[in-house]
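Below is one structure, written out as structure tokens, with a few remarks after it.
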Amino acid sequence: MAQALDQEERDTRTLPAAGAVPVVAEPEPVRHSRLNPLHWLHRLRRAWRRSLQLRTSIMVGVLTFVASGLLALFFAQQISDALVEARFEQIEVDANRSLAQVRDTFALAGTPETPLTDVMVSQTLRSLEGDSSTLGRRFMLEPLPDTDSADIGRVSSSQLDSGSIPADLKSAVAAGTGVYYAHMAMEDEGGTVHPALAFGTQVILPPGSGYSLYLVYDLSDVQNSLDSVLRVLMLFGSGFVLLNVVVSAAVIRLVVQSVQQASLAAETLSRGNFEVRMPVHGEDEVARLGTSFNRMADNIQDQITQLAQLSQMQQRFVSDVSHELRTPLTTVRMAADVLYGSRDDFDPVNRRSTELLYHQVDRFQAMLADLLEITRFDAGAAMLALEETDLFALCNDVILTSQPLADRAGVEVFVVPQGSSFLARVDPRRIERIVRNLVNNAIEHAEGHPVDVVVSGDGEVVSVGVVDHGIGMSAEQVERVFDRFWRADPARTRTTGGSGLGLSIATEDTRIHGGSLAAWGELGVGSCFLLTVPCDQPPAGVPHSEETMVDHAALALPPVYDVRERRLASDPHRPLMDAGVDRPDPVGPDEDVDTGEIDRTQEQALRDTSREEDPR
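The sequence shown lines up with residues 1 to 616 when you count with full-length UniProt numbering.
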């Protein structure tokens, strides 16, 4: 618990999220004083969330307190009922006897011809205060409400007046000749209020006047007994709750300590320290937990070691094979170049064989380069050569380089700038490789429809979206498109070669930049790949962590843009179309893109070759 409370003293600060607008630092909020109850309430609340021992101890204490309180109330009620019932029976017997005795005394003491005097009545009633050694009682005699004339007025004990008697009891006595009772409160000489029990009945005083006679019994001794019982129960209950909390906390500490050890060991294991183990004592459940955890850690360590060895062997094998193949491949490549340069001297069959040999050797060489690059990523040896780079200009260069491939496929490739902030500190060789791979893939799958390279930046990140309006991808294909050696359709004719490693390499290049590479596709509508990189990079030698990776993009996926902003890579500063509607361009088949009223003459003058689009 102390450890959980001390954690509250740490000043936690949260880094601003990427994309947040920088603000001037404000003074830190004033901390609550240690004397302020809010300070301790805050610490207790934080400790409640972090300490299992504290939560369990408090819950045990609360449940014990509630259970003890309920038991105390039950016992107090039972004891109170027993005491009150016993005292009531005793008082009832005494009241009936005393009232009957007074009634008989009044009947024998006077006749209609010789009425009782005040002195005789007072003496008879005063005897009621002193003839009981165990019961404290008082009396009051007053005429009945319907009595026209009374020879004797109201006679009562001290500290007792007519207003003290409950009205319900007075009404009952006035209406009947029986003995009636009621609970009431009375004051003693010090003004302290005590519970009391009043009995009343009618008496006849010669020469026949009706009076109400009340006997009031003090129940303060019963109340004192109940108070003593409650004090004992409260004292016992408090001690029981405190003792239970202390014992429970000690027992819980023994259990929680093992859980804390397991939690600490699991955290250490998750950080890559596979040597950590839990101490095991005895054969109980906690010991079995420690044994199982240690066995699991041993298995994980063995599996990780085996996988690491297999990975190293695989990397070494791929690297060695790639390096060993480069020497004979260089010789084969030189021979293929010679044969390819002399292909016009061969007959048609040998000429075709020479062309196939030349292109397949080229693909084989590219595949070896990809394998070597993958091994560098797996070994963690990939390094960045950072430069301040204009990604818009880089995309234009890539499009111009891919223009021969686009011409052979009958695909037009446009660049669409959004905004004006395209500078980023990146490795231009790796970013160019990513964009070239995405553009070549888009050209191959565009099926004659245009390909748009949309570039946007917001000052913190720069995004490049490569959009095609071709065959598209299903949701399952989108999930697997970045897997190594995976192709959406292996039977599809490949015009650009490749081994299925291009997007995997692009993903790794993006990751070491601290960026993101996402894909979107819909069958029959088109596909989009969105590359996002931060404008700045951490110092050299400091890799990106989860906190420094980009958390937003400058474009939506798929991006929404205006086709009137399409530009040729050869003239990137001049929009291709000046007229059209204001509706943005959704990703879809080229026939579904609303290009507006296109000036065909101007488009023909700007483009060497054009294919007429079909506007809706």
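For each residue, glycine too, the CB sits at the ideal point set by N, CA and C.
All figures in this text were calculated on a predicted structure; none of them were measured in a lab.
**Message:** Does Ala25 come out as helix, strand or coil in the three-state DSSP assignment?
**Reply:** Its pLDDT being 38, under 50, Ala25 is placed unreliably in this model, and the value from its coordinates should be taken loosely. Secondary structure at Ala25: coil, using DSSP grouped into helix, strand and coil.
**Message:** Am I right that Leu530 and Ala553 are in contact with their C-beta atoms under 8 angstroms? What's the rounded C-beta distance?
**Reply:** Taking 8 angstroms as the upper bound for CB-CB distance, Leu530 and Ala553 are in contact here, some 6 angstroms apart.
**Prompt:** How long is the line joining the alpha carbons of Phe482 and Leu503, rounded to whole angstroms?
**Reply:** 5 angstroms
**Request:** State the CB to CB distance for the pair Gly514 and Gln537, rounded to an integer number of angstroms; the pair is presumed to be in contact (CB under 8 angstroms).
**Result:** Correct: roughly 7 angstroms between the Cβ atoms.
**Prompt:** Which whole-angstrom value describes the C-beta separation of Val455 and Val464, a residue pair presumed to lie in contact below a C-beta threshold of 8 angstroms?
**Reply:** 5 angstroms
**Request:** Determine the DSSP secondary structure at residue 622, reduced to helix, strand or coil.
**Result:** In this structure the chain extends from 1 to 616, so residue 622 is not present and cannot be described.
**Asked** Per DSSP, Leu517 forms a beta bridge with which residues?
**Response** Per DSSP, Leu531.
**Asked** Should Thr493 be labelled buried (16 or more other beta-carbon atoms within 10 Å of its own) or exposed?
**Response** Note that Thr493 scores 48 on pLDDT, short of 50, meaning its location in the model is unreliable; the coordinates nonetheless yield the value given after this. Thr493 is exposed by the Cβ-count criterion.
**Nonlocal neighbours in the same chain, by C-beta distance under 6 angstroms from Thr507, ignoring five residues either side** = Phe482 and Leu517
**Item:** Coarse secondary structure for Ile79, derived from DSSP in three states
**Value:** helix
**Request:** Indicate whether the contact test is met: 3 or more Cβ pairs, each with one atom in the segment 555 to 574 and one in the segment 402 to 419, closer than 8 angstroms.
**Result:** yes
**Asked** Mind checking if Ile300 is an interface residue toward chain D, Cβ cutoff 8 angstroms exclusive?
**Response** Looking for chain D here will not work: only one protein chain is present.
**Asked** What is the rounded straight-line gap between the Cα of Glu388 and the Cα of Leu52?
**Response** 52 angstroms
**Message:** By the three-class DSSP mapping on this structure, what secondary structure does Thr192 have?
**Reply:** Note: Thr192 maps to coil in three-state DSSP.
**Request:** For Val550, name the three-state secondary structure that DSSP assigns.
**Result:** coil
**Message:** Taking the alpha-carbon of Asn294 as reference, which of Gln315, His323, Leu215 and Ser263 has the nearest alpha-carbon?
**Reply:** Ser263
**Asked** What residues in its chain sit with their C-beta under 6 angstroms from that of Leu371, if we drop five residues either side in the sequence?
**Response** Val318 and Ser322
**Message:** Taking 7 angstroms as the limit between beta carbons, can you name the residues of its chain near Phe346, skipping five residues before and five after?
**Reply:** Thr354
**Request:** Helix, strand or coil for Gln418, going by three-state DSSP, please let me know.
**Result:** strand
**Prompt:** Beta-carbon separation of Leu141 and Tyr211 under 8 angstroms?
**Reply:** yes
**Item:** Val179 - DSSP class collapsed to helix/strand/coil
**Value:** coil
**Item:** Arg138, enclosing beta strand (DSSP E) - first and last residue
**Value:** Arg137 to Pro143
**Asked** Who are the Cβ neighbours of Ala335 in its own chain at under 6 angstroms, not counting the five residues just before and after it?
**Response** Non-local C-beta neighbours of Ala335 in its own chain, meaning closer than 6 angstroms and more than five positions away in sequence, are absent.
**Asked** If we ignore side chains and look at the alpha-carbon of each, how far apart do Val241 and Gly200 end up?
**Response** 47 angstroms
**Prompt:** Terminal residues of the continuous alpha helix (DSSP H) containing Leu248?
**Reply:** The displayed chain sequence assigns Ser, not Leu, to residue 248. Taken as a continuous stretch (DSSP letters only), the alpha helix (DSSP H) holding Ser248 covers Ser220 to Ser270.
**Asked** Buried or exposed: where does Val413 fall if 16 or more other Cβ atoms within 10 Å of its Cβ makes it buried?
**Response** buried
**Asked** According to the Cβ coordinates, are Leu394 and Pro348 closer than 8 angstroms?
**Response** no
**Request:** For Phe74, name the three-state secondary structure that DSSP assigns.
**Result:** helix
**Request:** Identify the continuous beta strand (DSSP E) that holds Ala424 and give its terminal residues.
**Result:** Leu423 to Val426
**Message:** Can you look up Phe346 in the DSSP assignment and give me helix, strand or coil?
**Reply:** coil
**Message:** Between which residues of its own chain and Val222 is the CB-CB distance below 7 angstroms, once the five residues before and five after are set aside?
**Reply:** Leu83, Val84 and Arg87
**Asked** Taking the alpha-carbon positions, what's the Arg363 to Leu576 distance?
**Response** 35 angstroms
**Validate contact between the segment 272 to 292 and the segment 307 to 318 using beta carbons, cut 8 angstroms, 3 pairs** = no
**Message:** I need the straight-line Cα distance from Arg433 to His42, nearest angstrom please.
**Reply:** 54 angstroms
**Request:** Could you check if Ile300 is buried or exposed, using at least 16 other CB atoms within 10 Å of its CB as the buried criterion?
**Result:** Taking all protein chains in view, the Cβ of Ile300 is surrounded by fewer than 16 other Cβ atoms within 10 Å, so the residue is classified as exposed.
**Item:** Helix, strand or coil at Asp284 according to DSSP, with G and I counted as helix
**Value:** coil
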